Amino acid sequence: RPHSALEGRVPVVIPELADLPHMPARWTTLIAMAQAFLQHEAA
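Per our numbering, residue 379 is the first one in the sequence shown, and the count goes up by one each step.
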């Protein structure tokens with residue numbers, strides 16, 4: 379979400395989330411990405 383302290387820019391852009399239609403889809407994808415990262419780090 380844009381932030382006034384960043385002159386209206388989004389603080390962190392995650393390309394994998396850009397084309398998703400709504401927040402529930404973005405959250406689901408973000409959680410899946412976090413789980414995959416943790417599994418990779420544990421291996």
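We treat Cβ as the ideally placed atom computed from N, Cα and C, and that holds for glycine. Bear in mind the structure is a predicted one, so any value in this text is a computation, not a measurement.
Check whether residue i and residue j have beta carbons under 8 Å apart
{"i": "GLU385", "j": "MET411", "result": "no"}
{"i": "PRO380", "j": "VAL390", "result": "no"}
Enclosing alpha helix (DSSP H) for residue i [first to last residue]
{"i": "ALA412", "result": "401 to 420"}
{"i": "ALA396", "result": "393 to 396"}
Own chain partners of residue i with C-beta closer than 7 Å, once the 5 adjacent residues on each side are dropped
{"i": "LEU408", "result": "LEU395"}
{"i": "LEU398", "result": "ARG404 and THR407"}
Cβ neighbours of residue i in the same chain (closer than 8 Å, five flanking residues each side left out)
{"i": "PHE415", "result": "none"}
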